[in-house]
Amino acid sequence: MEKIRTLRGFRDILSDELEKFKKIEQAFRKYSIRLGFREIELPILEKTELFVRSIGDTTDIVEKEMFTFIDAGGDSLSMRPEATAGMVRSYLQEGLYATERMTKVCTVGPMFRHERPQKGRYREFHQIDVEVFGVKEPLVDAELILMIRMFLDDLAINRYHIEVNSVG
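Here the numbering used here is used: the first residue of the sequence shown is 387, the next is one more, and so on.
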């Protein structure tokens, strides 16, 4: 009889490594809260249409890398491959735009992509995400860069390079 093992591309995170994860999450929460972000928790499952609309139906993520299935009611559901689409959905669904000029939210959690597993690259991975809605001022970008710097300094990561890009 074959032993039952974790699925290919997935792994158990044992206590020593889990402590490192917790330290990273704790540092992230400390600085995101300090800068006025509110944490939200997103569902692991979303309608596939959310990712098709937000990421694009011809992207590798949607075409090849999502864990997607049809549920008993006939709906196409996907395990979240990234957090941004769910953050935008939550912002719109919960009507946060109607109650505040600027909304700053963040989330931490597992994401899932059906990629080819490699050393240090798994099909389940953890992502930290911050989103700012309602303002376009460059000061927000500067604030995010400051938050990243404080976060990395707190973790004693002193060799890093930050690149700034603009799509609009």
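No residue lacks a Cβ here, since even glycine has one placed at the ideal position from N, Cα and C.
Continuous alpha helix (DSSP H) stretch holding residue i: start and end
{"i": "residue 429", "result": "Unbroken run through residue 429: none, as it is neither H nor E."}
{"i": "residue 398", "result": "Looking at the DSSP string, residue 398 is not in any alpha helix (DSSP H), and its letter there is neither H nor E."}
{"i": "residue 537", "result": "524-540"}
Per-residue burial, residue i [other beta carbons within 10 Å of its own, 16 or more giving buried]
{"i": "residue 441", "result": "buried"}
{"i": "residue 463", "result": "buried"}
{"i": "residue 483", "result": "exposed"}
{"i": "residue 508", "result": "buried"}
{"i": "residue 391", "result": "exposed"}
{"i": "residue 452", "result": "buried"}
{"i": "residue 496", "result": "exposed"}
{"i": "residue 437", "result": "buried"}
Span separating the alpha-carbon of residue i from that of residue j
{"i": "residue 513", "j": "residue 469", "result": "8 Å"}
{"i": "residue 519", "j": "residue 487", "result": "8 Å"}
{"i": "residue 547", "j": "residue 535", "result": "10 Å"}
{"i": "residue 450", "j": "residue 458", "result": "23 Å"}
{"i": "residue 506", "j": "residue 398", "result": "13 Å"}
{"i": "residue 423", "j": "residue 498", "result": "24 Å"}
{"i": "residue 552", "j": "residue 524", "result": "11 Å"}
{"i": "residue 460", "j": "residue 433", "result": "11 Å"}
{"i": "residue 480", "j": "residue 426", "result": "11 Å"}
{"i": "residue 403", "j": "residue 510", "result": "15 Å"}
{"i": "residue 550", "j": "residue 528", "result": "10 Å"}
{"i": "residue 466", "j": "residue 456", "result": "15 Å"}
{"i": "residue 474", "j": "residue 431", "result": "15 Å"}
{"i": "residue 444", "j": "residue 407", "result": "33 Å"}
{"i": "residue 405", "j": "residue 415", "result": "15 Å"}
{"i": "residue 419", "j": "residue 543", "result": "20 Å"}
Same chain only: Cβ atoms within 6 Å of residue i, ignoring 5 sequence neighbours per side
{"i": "residue 428", "result": "472, 493"}
{"i": "residue 515", "result": "469, 493"}
Residues near residue i in its chain [Cβ-Cβ closer than 7 Å; skip 5 each side]
{"i": "residue 394", "result": "503"}
{"i": "residue 526", "result": "518"}
{"i": "residue 530", "result": "516"}
{"i": "residue 410", "result": "541"}
beta-carbon residue i near the ligand NAD non-hydrogen atom, thresh 8 Å
{"i": "residue 531", "result": "Looking for the ligand NAD in the displayed structure turns up nothing, as the structure carries no ligands at all."}
8 Å Cβ shell around residue i - same chain, five flanking residues per side excluded
{"i": "residue 521", "result": "487, 488"}
{"i": "residue 477", "result": "483, 489, 491, 517, 519"}
{"i": "residue 413", "result": "537, 540, 541"}
{"i": "residue 417", "result": "533, 536, 537, 540"}
{"i": "residue 447", "result": "437, 441, 467, 468, 499"}
Interface flag, residue i vs chain C, CB-CB below 9 Å
{"i": "residue 401", "result": "Protein chains in the displayed structure number just one, and chain C is not present."}
Can you check the segment 446-510 for any alpha helix (DSSP H) of at least 4 residues that lies completely inside it and give the ranges in chain order? 470-479, 482-485
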